[in-house]
Structures are given as structure tokens and as C-alpha cells.
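Asker: One structure, as C-alpha cells, below. Some questions next.
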């Protein structure tokens, strides 16, 4: 199963639409958003432009009305402390700021933890957990990127929007 990991959209609707079009074409089943979606319009585009499951973490710059989330059937919302899901036997954690993944690792064993905030695509390993930042979908400061996990193989690839 393909899972897209996005972060730091910062209301760039053009890039979000391009990412969602790719996800829908590739039959991505789940999107994990590691925060900084920002306003209500961006939340609307994410939830209506993608029909699969969405897991959304609150980011430090998010300004959307959290009460509206209940109106969307395909989204699960998590506070800044982090989220956890199980996909094809992989224990996957996600959060916004990098310091929060350290707290997740202390509590539980994860195969992967995705995080955002820095806008810089990155992969490392800590205590046997792969830590992956998909970069910024907004293209703010760096190229517009997102990550894709193939849950059957465990492979994670980085997608650069301008190359798609």
C-alpha cells in the first residue's frame, strides 16, 4: 500500500493540488500530514481532493478551525504530542516538531516516525527507528517535496514536485 507523507503546506494550494493529483493517480490509500497545513481553505482542499484516509497532526503554524474537522469523514486529527498508526505490520509514528519524535521513541518502539517543521527532507536512525522528514510541500525556503512509503516493502522515496 502506498502512503504519502506531507508537511508544511503553509497554504500553498497549487502545490497541494499537484501532490493530491499525483496521489490519486498512483492510488495512494493514506496521507499522513505532519502539520502546518494552516487555514480552513487548505483543510478543505486536502479533505475534498483526497478520498483516502488522512492522518493530520497539529503544527505550530496551523490556524484552521479545529471544530470543522468533525465534518470530514476521511480525517483523523491528532494533537501536537503525536500520532501512531499500524499499516501492514509497520508501527508508524508522526509528529510536527523534531523534538517530539524523541518523546515518542521513549514511550514505544516504532518502525518509522515522520516529522516536519524544519522544511528540510531528512532521514536518520535513532534507537532502531527510521526518522524521516518529507520536507515542505509549500516550497518555502527549499524545493517542494513530499515522501511516499510503500508499506509492503518498507521503502520510502522522496518526491520533488518540480520533477513530476
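Residue numbers (UniProt numbering): 1 to 164.
Note that CB positions come from ideal geometry on N, CA and C, so glycine has one too.
Among the residues of its own chain, which have a CB less than 7 Å from the CB of residue 151, if the five just before and after it don't count?
Answerer: Answer for residue 151: 1, 3, 87, 88, 90, listed in chain order.
Asker: Could you check which residue in 114, 123, 138 has the C-alpha nearest to that of residue 9?
Answerer: Among 114, 123, 138, the Cα nearest to that of residue 9 belongs to 138.
Asker: Check the C-beta distance from residue 94 over to residue 23 and give it rounded, since I have them as a contact under 8 Å.
Answerer: Going by Cβ atoms, the distance from residue 94 to residue 23 rounds to 17 Å, so no, they are not a contact pair.
Asker: In angstroms, rounded to a whole number, what distance separates the CA positions of residue 120 and residue 36?
Answerer: Spanning the two alpha carbons is a distance of roughly 14 Å.
Asker: Residue 150 lies in the beta strand (DSSP E); which residues open and close that run?
Answerer: Per DSSP, residue 150 belongs to the beta strand (DSSP E) from 145–150.
Asker: Decide if residue 58 is buried, meaning its Cβ has at least 16 other Cβ atoms within 10 Å, or exposed.
Answerer: Classification of residue 58: buried, given that the 10 Å Cβ count is 16 or more.
Asker: Could you tell me if residue 30 is buried or exposed, where buried requires 16 or more neighbouring beta carbons within 10 angstroms of its beta carbon?
Answerer: It counts as buried.
Asker: Figure out for me which residue from 21, 148, 38 has the closest Cα to the Cα of residue 117.
Answerer: For the residues 21, 148, 38, the minimum Cα distance to residue 117 belongs to 38.
Asker: Could you have a look at residue 159 and say whether DSSP puts it in helix, strand or coil?
Answerer: Note: residue 159 maps to strand in three-state DSSP.
Asker: Please report the distance separating the alpha-carbon of residue 159 from that of residue 12.
Answerer: Rounded to whole angstroms, residue 159 to residue 12 spans 17 Å at the Cα level.
Asker: If we ignore side chains and look at the alpha-carbon of each, how far apart do residue 61 and residue 7 end up?
Answerer: Looking at the two C-alpha atoms, the distance is approximately 11 Å.
Asker: Mind checking who residue 54 pairs with in its DSSP beta bridge?
Answerer: Partner(s): 31, 75.
Asker: In its own chain, which residues sit with a C-beta less than 8 Å from the C-beta of residue 47, not counting the 5 before and 5 after it?
Answerer: Closer than 8 Å at the Cβ level, and outside the excluded window around residue 47, lie 54, 72, 74, 75.
Asker: Are the Cβ atoms of residue 114 and residue 129 separated by less than 8 Å?
Answerer: For residue 114 and residue 129, no; Cβs fall outside 8 Å.
Asker: Using a Cβ-Cβ cut-off of 6 Å (strictly less than) and excluding sequence neighbours within five positions of residue 122, which residues of its own chain qualify?
Answerer: These residues qualify, in order along the chain: 133.
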